[in-house]
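Quick note on this note's numbering: the sequence shown kicks off at 81 and runs consecutively. Ideal Cβ placement from N, Cα and C applies to all residues, glycine included. Since the structure comes first, as structure tokens, the remarks are kept for the end.
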Amino acid sequence: MKPIIPVYFHDDQLLFHPPYEWDKRGYVPHPESPERPKAILKVLNQFPDEFKVSSPETQPEDLAHQVHVSHLLRLYNIAETLEEDAFFFPTFFPKNHQTNVDPENLNNTGFYCFDTSTPLGKHTYTSALWSAATATKAAQCVLSKESKLSYALTRPPGHHADKNYFGGYCYLNNAAIAASLLSEHGSVAIVDIDYHHGDGIQSIFYYDCRVLTTSVHADPTNRFPYFSGFASEIGLGAGEGFNLNVPLPYETTGESFLNALTTIIIPKVNTFNPDFLIIAAGFDTYKDDPLCDFKLETDDYTKIGNVLGQLDLPTVVVQEGGYFLPALGDNVKALLCGIRDKQNK
Ligand code: SP5
Ligand code: ZN
């Protein structure tokens with residue numbers, strides 16, 4: 081009998097619906113839509129023998145405060161006063177790195193945001209808190225040994241959100257929140273397989289040797305998030321040697337991606353010998369993704385899952401990017417089943 085994989089999701093994660101983003105071409109429909117989790121659930125719900133979906137009951141505000149500065153969370157509170165269909169895009173950015181600027185005034189949003197793709201709306205904070213709640217639940221699930229593998233259907237995603245900045249469609253760093261919780265009980269390794277560098281995760285744990293942060297992603301020279309994700313970033317202070325970036329060429333294939341994972345990331349994780357594994361799982365590496373140019377196929381996610389499952393660690397999978405809806409659910413299923421099939425062997 082294969083163990084059932086617990087999946088966490090809350091319906092209020094669907095409330096937030098940014099209509100558009102402002103990218104290099106101007107206004108474009110926002111790719112990070114409520115249709116994404118719906119597409120994933122549609123597939124997972126077809127397999128009740130393999131997945132059990134349930135909802136978190138409480139919002140992890142305390143954990144959010146452990147990872148993010150209170151001014152950032154206060155800014156999200158202020159955005160809750162916006163009209164239903166109003167979205168605030170920062171259009172003005174500071175010339176210095178001043179922190180602790182008055183978040184009661186939305187015109188100061190530029191102090192807390194690093195791009196024009198991540199608007200604030202009335203429901204941003206509610207959806208982001210429930211999203212973080214699923215990551216918290218999934219972490220508690222492996223902590224209590226209820227299951228060796230759990231899946232947080234986080235949306236909005238989180239890996240670009242920093243301690244005091246949001247951006248890249250991310251508001252609260254869900255994986256970091258899960259790691260913060262798990263690190264009270266042991267060491268944690270994070271493997272980020274999203275197409276984009278997990279800059280928020282890296283930054284939050286950059287000085288920390290209790291959490292190993294690793295990311296395999298498109299070379300940031302000409303890809304978002306541009307300013308980080310280079311191999312030279314290895315951590316600082318006590319965290320030196322506890323961050324690993326593997327930038328890959330544009331149009332990378334599944335074979336090359338798996339090769340980077342097995343020859344660079346996995347040995348690093350093995351040496352670190354963590355008590356827990358968190359996978360920041362983006363599927364924007366898929367061949368048809370509208371935002372990205374890697375060439376992975378559904379079967380590659382099974383293989384990636386197999387490689388990560390062989391680590392045989394209590395594992396939390398946290399959803400990140402992935403914008404090609406017709407294959408998104410199948411790809412999530414492939415990764416999760418790929419992990420499950422190699423655990424406890
Ligand atoms: C979580 C995650 O995958 N965030 C990625 C953020 C990437 N932002 C890049 C912005 C430009 C892309 N706009 C493309 C719109 C296509 N309709
Ligand atoms: Zn991404």
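Asked	Found
One or two residues paired with H177 in a DSSP bridge	In the DSSP output, where bridge partners are listed per residue, H177 has none listed.
Contact test: F404 Cβ vs the ligand SP5 heavy atom, cutoff 7 angstroms	no
Minimum C-alpha distance to Q399 - residue among K375, F352, A258 and P329	A258
A366 beta carbon near the ligand ZN (any heavy atom closer than 7 angstroms)	In the sequence under discussion, the amino acid at residue 366 is Tyr, which differs from the Ala named in the question. The answer is no for Y366.
Close beta carbons around N244, own chain, < 8 angstroms, minus the five adjacent residues each side	H148, V149, H151, L152, T179 and Y192
L371: CB within 7 angstroms of a non-hydrogen atom of the ligand SP5	yes
Neighbour-count burial assignment, Y249, 16 or more Cβ in a 10 Å radius	buried
4 or more residues per run - each alpha helix (DSSP H) lying fully within the segment 291-367	334-340 and 346-352
Cβ shell of A256 (< 6 angstroms), same chain only, five flanking positions each side left out	V147, I281 and I284
Classification of G106 by the beta-carbon crowding that lies within 10 angstroms, buried from 16 upward	exposed
Start-end ranges of the beta strand (DSSP E) lying completely within the segment 105-170, minimum 3 residues	106-109 and 131-134
Beta-carbon proximity check, L376 vs G334, cutoff 8 angstroms	yes
Given 8 angstroms, three or more beta-carbon pairs between the segment 363-370 and the segment 192-206	no
Inter-residue spacing [alpha-carbon to alpha-carbon] between P394 and N187	43 angstroms
Residues near G278 in its chain [Cβ-Cβ closer than 6 angstroms; skip 5 each side]	H239, D272, S295 and A360
Given 8 angstroms, three or more beta-carbon pairs between the segment 85-105 and the segment 114-125	yes
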